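For the numbering used here, add 242 to where a residue sits in the sequence shown, where the first one is 1. The next block holds one structure in the form of structure tokens; read it before the comments.
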Amino acid sequence: MAVMVSSPSSAAVDDIQPNISITSSNQSIPNALLGGSFSHWLLQKEGRELVEKDIDDTDEEKEESCSSTNLVLSAVRCLDFIDSFRCDYVLERLGFSWSVADGLYPPGSISAPYLPDLPTSCIPTTFKHDLKYFYSLMQHYLVGLEHLVLDEILFHTDNYMENIDQVDRELNILMLHLLHCMDSYSLEPNNAVTYYLTRVIYTEEPRQPRDERDFVILRDFRVSLQCLRDVFWELENSHFTPQLISMPKNC
Numbered sequence: 243m244a245v246m247v248s249s250p251s252s253a254a255v256d257d258i259q260p261n262i263s264i265t266s267s268n269q270s271i272p273n274a275l276l277g278g279s280f281s282h283w284l285l286q287k288e289g290r291e292l293v294e295k296d297i298d299d300t301d302e303e304k305e306e307s308c309s310s311t312n313l314v315l316s317a318v319r320c321l322d323f324i325d326s327f328r329c330d331y332v333l334e335r336l337g338f339s340w341s342v343a344d345g346l347y348p349p350g351s352i353s354a355p356y357l358p359d360l361p362t363s364c365i366p367t368t369f370k371h372d373l374k375y376f377y378s379l380m381q382h383y384l385v386g387l388e389h390l391v392l393d394e395i396l397f398h399t400d401n402y403m404e405n406i407d408q409v410d411r412e413l414n415i416l417m418l419h420l421l422h423c424m425d426s427y428s429l430e431p432n433n434a435v436t437y438y439l440t441r442v443i444y445t446e447e448p449r450q451p452r453d454e455r456d457f458v459i460l461r462d463f464r465v466s467l468q469c470l471r472d473v474f475w476e477l478e479n480s481h482f483t484p485q486l487i488s489m490p491k492n493c
């Protein structure tokens, strides 16, 4: 099931296309465990298409209805929730600090269909380009976080379920903000990304690879969130103060 996902080149910037090879699993997961926030989000979005349409709004009117402020604040809230428990989480799961784990398992060391390549640059391009890119990027982490949720339900009895569930909820809010902005600009999300990712079958790994996988999902998601925050902050930085960018503790 471990398949690398190629990130878009500069010439193909609209969407992140997953290169997925699905392998079935004998592990049967009860349907009740799959009824989390991501499944609910998919049901809300299923069948919805954003089509190109003629809109007479000026760019200024669109910016008023879709502000980078909401995207940045949503990303900051999600980062704050991750930073509130990540140090203790990785210490308990892997037995060493976040910084040590970061060095032992660099980006790309663990591959999965829902783990895209991390952004190579956090420099803004155009608002529309960045909207579509980060929407596709975050679609992958919706699926990745569901793996963390299932691992907590199936294998752990500690107190991190509430933390991970809150991060998942905040990501859903961020996705709604991104979708609203895309709608404001008559952009069309690539629903094929979500369709293919939802076909990824949860696999029960031995504990060590499973714990390593969960760390990489959380770490890569955090890095991508930081990039999203920085890109949209730069696009509308006149509306922000430095206090909005939190300084996480080292661990």
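The beta-carbon is built from N, C-alpha and C at its ideal position, and this holds for glycine as well. From a predicted model like this one, the values you see are computed outputs, not experimental measurements.
* Run of the alpha helix (DSSP H) containing ILE415, from where it starts to where it stops -> 402-426
* Assuming LEU321 contacts GLN468 (C-beta within less than 8 Å), just tell me the rounded distance between them. => 7 Å
* To do: May I have the straight-line CA-CA distance separating LEU421 from ASN405, to the nearest angstrom?
  => 25 Å
* Closest by CA to LEU460, which one among LEU418, LEU313, GLY337, ASP410? -> ASP410
* Under 8 Å, do ARG464 and VAL314 count as touching if we go by C-beta distance? -> no
* Residues near GLN408 by beta carbon distance below 8 Å, same chain, minus five either side -> PHE323
* Asked: Would a C-beta distance cut-off of 8 Å place CYS493 and SER310 closer than the cut-off?
  -> no
* Cβ-Cβ separation, SER466 to LEU360 (assumed contact under 8 Å), whole Å -> 6 Å
* What's the gap between the Cα of ARG328 and the Cα of PHE474? -> 24 Å
* Taking the alpha carbon of LEU477 as the point to measure from, which residue in HIS371, PRO358, ALA434, GLU394 has its own alpha carbon closest? -> HIS371
* Beta carbon of VAL442 nearer than 8 Å to that of VAL391 -> no
* Is PRO358 helix, strand or coil when you go by DSSP? -> strand
* Asked: Sorted by chain position, which residues of the same chain lie with C-beta nearer than 7 Å to PHE369's C-beta, five sequence neighbours on each side aside?
  -> LEU477
* Quick one: what does DSSP say PRO451 is sitting in, helix, strand or coil? -> helix
* First and last residue of the uninterrupted alpha helix (DSSP H) at HIS389 -> 369-397
* Do TYR383 and LEU413 have their CB atoms nearer than 8 Å? -> yes
* DSSP three-state call for GLY337: helix, strand or coil? -> coil
* Nearest-angstrom Cα distance between CYS308 and LEU416? -> 13 Å
* Span separating the alpha-carbon of HIS419 from that of TYR427 -> 13 Å
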